[in-house]
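Report on the following structure.
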Amino acid sequence: MPFAIKDNIDLAAIATTAACPAYAYTPERSATIVEQLIALGAVPMGKTNLDQFATGLNGSRSPYGACPNSVLKEYPSGGSSSGSSLAVALEVSSFSLGTDTAGSGRVPAALNNLVGLKASKGLISTAGVVPACRTQDCVSIFTATAREASQLLGLVATLDPHDEYSRRNPQWNDLSAFGAPRPFRFGVPRAEDLEFFGCNEGPRLFSAAIAHLTALGGEAVMVDLSPFLEAARLLYEGPWVAERYSVAGQLMEEHPDAVLPVIRDVLAKAPQISGVDTFRAQYRLQALKMICDRALEGLDCVVTPSIGRPVTSAELAAEPVLRNSELGYYTNFVNLLDYAAIAVPSAFMSNGLPWGITLLGRAFTDQYLLSLADAFQRHTALPLIGGEAPRLPAPKAVAGNDMARLVVCGAHLDGLALNWQLKRRGARLLECTHSSADYKLFALAGGPPFRPGMVRVAEDGVAIEVEVWELPSVELGSFLTGIPAPLGLGKVQLADGRWETGFICEAYGLTGARDISHLGGWRAHLQQM
């Protein structure tokens with residue numbers, strides 16, 4: 001399978017330039033991600049152009065020339081992973097590697113009808129990648145479909161001892177988490193936070209995307225995007241500019257003409273940033289992250305436009321900093337806030353230019369976001385690159401994320417004696433429902449606390465009142481170890497046929513128990529005590 005490599009990612013024995021000839025060097029070994037892919041049988045086709053030092057979102061900031069859009073040549077490709085996006089969009093390679101610090105893997109995807117995976121920080125190794133902002137950098141992947149991106153991520157998301165920022169991929173985010181999403185809740189920015197920069201088609205296209213997500217079983221919830229946008233401004237107005245300067249600063253000081261003027265202008269203020277400025281910005285970012293994390297509570301993702309509006313190459317040449325900044329309106333905050341994001345094609349504008357949305361969520365929900373993107377692609381059925389009609393079969397598995405569902409039938413019901421054990425673990429009530437009509441409910445001997453045992457039976461079963469709760473997957477283990485015998489966790493069938501993890505009871509525990517199935521639930525039993 002052929003793939004292309006952004007030229008700030010090392011390929012052994014091939015010069016890495018970061019689009020700056022004076023910076024170029026020839027590495028002896030490839031970046032970890034490249035080594036992984038070659039070991040899996042992928043074939044590197046070569047290196048691709050980029051905005052110099054990966055500083056830019058447009059694809060025009062390179063001494064090797066600007067990259068035009070794959071559909072309309074009067075528009076830029078988007079950047080900084082410009083060449084990598086074109087390699088896939090023009091069918092030169094099956095997939096490609098980019099990097100994404102501020103949106104470089106998502107903006108080009110939106111402008112070229114591609115899926116752009118900006119995985120959680122540390123999930124894909126950045127060893128052998130020229131830093132832009134070392135603490136914020138991610139390797140990105142461009143593909144035609146979310147399913148392809150999911151498969152690639154599942155193969156390369158491993159802990160790398162050569163990358164001090166590498167993080168272990170949790171079990172709930174491995175390839176088995178890719179599947180068909182259940183009903184979900186997604187955040188939508190308030191009207192006052194949306195910005196289309198004069199693009200008349202943007203509001204209609206975004207509304208249509210929301211309608212598609214709703215048709216897939218999603219429930220839209222308004223989200224205040226202003227703290228996200230404030231975090232975004234820190235990337236280029238705060239001390240992270242100094243982090244960029246740590247890579248190119250010495251070259252810029254010794255050979256200023258080696259660095260493009262627009263890049264020099266971006267980095268020029270870095271030497272004036274003090275340690276005090278740095279800590280103040282970090283404190284503010286942490287405060288904003290707390291606010292943003294709370295906004296994501298109870299949501300499976302947030303959806304935004306990938307860009308407000310496409311800009312022409314002429315507009316970009318006239319106002320390079322302003323227009324580049326507009327392209328990053330919805331992307332600059334994601335890495336600073338430690339979120340995952342997937343750019344997915346959503347529509348085509350009246351002039352034929354691709355337009356897309358971004359699904360973003362908590363770190364390590366990448367496979368879940370890719371599952372939503374896959375469902376979205378199957379629902380919209382947009383032509384893929386090259387005009388190919390999509391042939392995307394629905395996954396048989398159910399999509400998973402960093403939250404686990406739990407069926408309770410007794411003392412853990414909302415407001416009852418042991419419900420606090422769920423709530424202190426961050427659980428929330430999803431629904432009140434019933435089991436399938438295949439169970440009996442018993443009041444177990446002993447107590448307090450008094451507890452029921454729900455047992456699946458072959459005949460004479462009834463539907464038992466239950467609740468479905470959702471709690472962080474990392475909390476499920478400690479909850480399980482605290483469950484006393486004869487109770488435990490297993491699979492419980494609900495009235496609609498679903499199987500979920502829930503409370504079950506071992507048969508020996510029914511000694512001395514009373515059959516209370518006729519009451520239909522534990523609450524009714526408590527009312528009769």
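First residue of the sequence shown: 1, per full-length UniProt numbering; consecutive thereafter. No residue lacks a Cβ here, since even glycine has one placed at the ideal position from N, Cα and C. All values derive from a computational prediction rather than experimental measurement.
The distance from the Cβ of LEU57 to that of GLY78 is about 6 Å, consistent with a contact at the 8 Å cut-off. With contacts defined by Cβ atoms closer than 7 Å, ALA411 and ALA404 do not form a contacting pair. Per DSSP, TRP172 is not a residue of any beta strand (DSSP E), being assigned neither H nor E. With a minimum length of 3 residues, the unbroken runs of beta strand (DSSP E) contained wholly in the region 138-219 fall at 139-143, 184-189. Residues VAL262 of the same chain have their beta carbon placed closer than 6 Å to that of PRO320, with the five preceding and five following residues left out of the count.
Counted as a single uninterrupted DSSP element, the beta strand (DSSP E) harbouring SER96 occupies residues 95-99.
Within a 10 Å sphere around the beta-carbon of HIS525 sit 16 or more other beta-carbons, which makes this residue buried. Between the region 61-79 and the region 303-312 there are three or more C-beta pairs closer than 8 Å, enough to call the two in contact. Remark: C-beta atoms of LEU159 and SER150 do not approach each other more closely than 7 Å. Here ALA341 is near THR358, since their CB atoms are less than 7 Å apart.
In this structure ASP300 is buried. Its beta-carbon is surrounded by 16 or more other beta-carbon atoms within 10 angstroms. Counting other Cβ atoms within 10 Å of its Cβ, GLY83 reaches 16 or more and is therefore classed as buried. For TYR329, the number of other beta carbons within 10 angstroms of its own is at least 16, and it is reported as buried. Of the residues assessed, GLU467 falls on the buried side of the cut-off, its CB having 16 or more other CB atoms within 10 angstroms. DSSP places HIS434 in the strand class (E or B) of the three-state scheme. Under DSSP, GLU467 takes part in a beta bridge, and its partners are VAL408, CYS432. In the three-state reduction of the DSSP assignment, MET222 falls in the strand class.
When the beta-carbon positions are compared, SER140 and LYS118 come within less than 7 Å of each other. Across the structure, PRO395 and LEU175 are spaced so that their CA atoms are roughly 12 Å apart. For the region 217-266, the full-length beta strand (DSSP E) segments reaching 3 residues or more read 218-223 along the chain.
MET290 sits in a helix when the DSSP states are folded into three classes.
In this structure, the CA atom of PRO345 is about 23 Å from the CA atom of ASP51.
Your pair ILE385 and GLU91 checks out as a contact, with CB atoms roughly 6 Å apart and the cut at 8 Å. In this structure, the straight-line span from the alpha carbon of GLU475 to that of LYS47 is close to 44 Å.
Here the C-alpha atom of PHE228 lies approximately 30 Å from the C-alpha atom of SER350. In summary, LYS6 is buried, with 16 or more beta-carbon neighbours lying within 10 Å of its beta-carbon over all protein chains present.
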